[in-house]
Amino acid sequence: MLDMKYIREHEADVRAALDHRGADVDLDGLLEKDRERRAGLQEGERLKSERNTVSKEIGLRKKAGEDTDQQQQRMREVGERIAALDGQNRALEEEIAGILLTIPNVPHKDAPVGPDDTANRLIRTVGEAREFEFEPKTHVELAESLGLIDFTRAARMSGAGFVLFKGLGARLERALMQFMLDMHTREHGYTEIAPPLLCHAEAMTGTGQLPKMAEDMYTIPEDGLYLIPTAEVTVTNMYREEILQDPLPIRHVACTPCFRREAGAAGRETRGLIRVHQFDKVELVKFVEPETSYAELESLLGHAEEVLKRLELPYRVRELCTGDLSFAAARCYDIELWAPGQQAWLEVSSCSNFEDFQARRARIRYRNDKGKTAFVHSLNGSGVALARLFVAILENYQMADGSIALPPALVPYMGGLERIE
RNA sequence: GGAGAGAUGGCUGAGUGGUUUAAAGCGGCGGAUUGCUAAUCCGUUGUACGGUUGAAAAGCCGUACCGGGGGUUCGAAUCCCCCUCUCUCCGCCA
C-alpha cells in the first residue's frame, strides 16, 4: 500500500498515477479523513498527557496522606473523553487503512502510459518461430496421442480445468521443475524454499491478493485458510513483520502448485493446459535495498529468460503499460512464449518490482547504512510457469509423426531420453 | 483432540497496582587508556504515530507499544476475561 504521508505530500502525483491506471479512488474523501484523524489524535494525546501527569501526582499525594477525591473525579471525566476520542480515532484509522488497501501502486515514471495491453511496449523478441513443413498440432492432440496427459479422468474427479500428467508427461513435468530449480539455485544464487501451500488472510493481504482478488482464490472456510495462487504469497510473507537481519539482497526460489479459481474466465480456453485451476510454477522472489531494485529487476528478468534460452524456445518480452500493471506492481515485464499449435503468445512469466508497496503492507523492513529501519523493496517473477511451458515444448518440438524431440538441455533430466514417441 | 507451563527490548533475564521515562548483564555504537591484541573504564542504545524547529542532515516535545484483543482503575508489564503461538506430557497419525 501507499504511505498516507506520501499521499498527503504528493497529492498531485498520486492523482495522476491513479488516473493513468484507470483506478477509481476517492482521494478527496481519503485526505479529509486523514485531516480528521490527525486532529482527533492531537486532542486525545493532549488529554492523555494531562492524565499521565495528574495520575502521577495523585500517587504522590496519596503517599503523603492527602485527599485526592476531587482530582480523581476530574480524571474520571477526562478518562471518559479519552475513551470516546479513542473510539472515534480508531474508527477513522480503520476506514483510512481500508481505503489504502484498495489503492494500487504508483507506476514507475518510465512505464508506458496506456489503458490496456494494446499499449504494452515490446522490449525484444528472441529466437525465431520455427517453420513447419506440416500442420502443427495443438498440445492437447499431442499430449493425448502420446498418453502424456489424461484430461478426461482429471475432469471426472475434479472438474474442468484440472489435469493429470501420466508416464513421460509426469516425468517431463518433473524434469522441467528440476531443470529450472537447479539453474536458479546453482547459477543464479537463489535459495530454494518449499513453503506452505495454504495460508491465512493476513498473508494474502500482505502481498496484495486480498482484498481485491478474493473470488479468484480457493478457500477453506472452516480453518480460515486460502490455497496459494502463487508461491509469491508464502515466500514473501515469510518475513512478515520482521526487520531483516540477513544481508540484502535475499533471493529465494520456490516451485509450488498454484491454485486459481479463474472466476469470470468460464468458457475461455477450457481445453488443454493454457488456463487451468492448478499448475506448477517456479517463482523467484527478491528482497533488496531500494537503491538497487531496478537493477535487480533487470537481472530477475534475465534469470527467467535464461530458462527459455536454454530450452531454445522463441519468446518475446513486453513491458506492461500503466493500465495493464497488476495491483501491487510499479513496473513489470511479461515474457511470452510462442506456441505454434495455438498460433499465440503465451504468458509464462511476469517480472515485477513492487518497490515498497508489499513491504509496507506486510511490514518487512531492513536496516539501512545509517542503521535506520526502512521498508525493503520486493520483486518477483516466474522462472517460469510450468503448464504453459509444457505446452510450448510440445508444440515447438513436435515432429511430423507426432513425436516430441526433447531440447538438449532437458535430456539429462529425462534420464537420457531424447525423444517422446 | 486432552492436560499442564510459558510469551518482557537485538539476546539473556528481573519486575504482582504509583520515580519503571522497563533493573541488571550480554551484544552493538562512540570515546578514553594502550607498541599491537586482549582486558579495563566512561558514555550511549528500540519501534510507530502526531506536533514542532530546520534548506537538509538532524534535533526537540507529546502519545502509544512488555504475544494479540477487550475489561477493572485516577493510574496496569503487574489484576480479570477471550484469542494466538511456543514448549512438555498423553492420544491420534503419513
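In terms of this note's numbering, the first sequence is residues 742 to 1162.
The C-beta atom is built at its ideal place from N, Cα and C for all residues, glycine as well.
Per DSSP, D760 is paired with what?
-> Paired residues: none, contrary to the question.
Are at least three pairs of beta-carbons, each pair with one atom in the region 993–1000 and one in the region 926–941, less than 8 angstroms apart?
-> The region 993–1000 vs the region 926–941: in contact.
Are S1090 and V1132 closer than 7 angstroms when you measure CB to CB?
-> No, the pair does not count as a contact, with Cβ atoms beyond the cut-off.
G1122 lies in the beta strand (DSSP E); which residues open and close that run?
-> 1118–1126
Within 10 angstroms of the Cβ of P988, are there 16 or more other Cβ atoms? Answer buried if so, exposed if not.
-> exposed
Quick one: what's got a C-beta closer than 6 angstroms to E1162's C-beta in the same chain, skipping five residues either side?
-> S1144
Residues bridged to A1141 by DSSP?
-> In the DSSP secondary-structure assignment, A1141 is not bridged to any residue.
Decide if the region 1022–1036 is in contact with the region 820–837; the criterion is three or more beta carbon pairs, one per stretch, under 8 angstroms apart.
-> no
Going by DSSP, what residues sit across from H941 in a beta bridge?
-> L966
Those residues which DSSP pairs with R1115 across a bridge | The identity of residue 1115 in the sequence shown is Ala, whereas the question assumes Arg. Answer is Y1107.
Taking C-beta to C-beta, are L968 and F1000 nearer than 7 angstroms?
-> yes
Exposed or buried, K850, counting other C-beta atoms within 10 Å across all chains shown (16 or more means buried)?
-> The residue is exposed, with fewer than 16 neighbouring Cβ atoms inside 10 Å.
For the beta strand (DSSP E) containing N1094, list its first residue and its last residue.
-> 1085–1094
Report the rounded CA-to-CA distance for L1130 versus E914, giving the unit in angstroms.
-> 9 angstroms
Beta-bridge pairing of Y1056 - partner residues as DSSP gives them | V867, L1078
Where V1023 falls: helix, strand or coil (DSSP) | strand
How many angstroms separate the CA atom of Q1099 from the CA atom of L842?
-> 11 angstroms
Which residue's Cα is closest to the Cα of D775: A757, E1136, Y747?
-> Y747
DSSP state of R1051 mapped onto helix, strand, coil = In the three-state DSSP reduction, R1051 falls in the helix class (H, G or I).
Given a threshold of 16 other Cβ atoms within 10 Å of its Cβ, counted over all protein chains shown, does H1118 qualify as buried or as exposed?
-> buried
Beta-carbon separation of E1136 and H880 under 7 angstroms?
-> yes
Since L846 and E1096 are thought to touch, with beta carbons under 8 angstroms apart, how far apart are those beta carbons, to the nearest angstrom?
-> First, the amino acid is wrong: residue 846 is Asn here, not Leu. Indeed, because the Cβ distance is near 7 angstroms, the residues count as touching under 8 angstroms.
Look at V1026 and N1121 and say whether their C-beta atoms are less than 7 angstroms apart.
-> yes
Between E784 and L826, which are expected to be in contact by the criterion C-beta below 8 angstroms, what is the C-beta distance as a whole number of angstroms?
-> Taking the Cβ atoms as the reference, E784 lies roughly 6 angstroms from L826, within the contact range of under 8 angstroms.
Buried versus exposed call for M898 [16 or more other C-beta atoms within 10 Å across all chains shown] = exposed
Since A1150 is in the beta strand (DSSP E), which residue starts that stretch and which ends it?
-> Per DSSP, A1150 belongs to no beta strand (DSSP E) and is neither H nor E.
Can you find at least 3 beta carbon pairs, one from the region 1049–1061 and one from the region 858–872, that sit closer than 8 angstroms?
-> yes
CB-CB under 7 angstroms to V795, same chain, minus the five flanking residues each way: which ones, in chain order?
-> Q812, M816
Might you give, ordered along the chain, the residues of its own chain that have their beta carbon closer than 8 angstroms to the beta carbon of A942, omitting 5 neighbours on each side?
-> L951, G965, Y967
Between which two residues does the alpha helix (DSSP H) carrying A896 extend?
-> 892–899
Relative to the alpha-carbon of N1192, which residue among Q986, L1078, V854 has its alpha-carbon at the smallest distance?
-> The structure shown does not extend to residue 1192, since the chain is modelled only from 742 through 1162, so no value can be given for it.
Between which two residues does the beta strand (DSSP E) harbouring T794 extend?
-> From DSSP, T794 is part of no beta strand (DSSP E) but of the alpha helix (DSSP H) over 768–804.
Pick out whichever of A1085, Y1074, K1113, R1160 has its Cα sitting closest to the Cα of S1123.
-> Y1074
Bridge-paired residues (DSSP) for T997 = K1022
Give every residue of the same chain whose Cβ lies closer than 6 angstroms to the Cβ of D744, excluding the five residues on either side of it in the sequence, and list them in chain order.
-> none
Pick helix, strand or coil for V1017, following the three-state DSSP scheme.
-> coil
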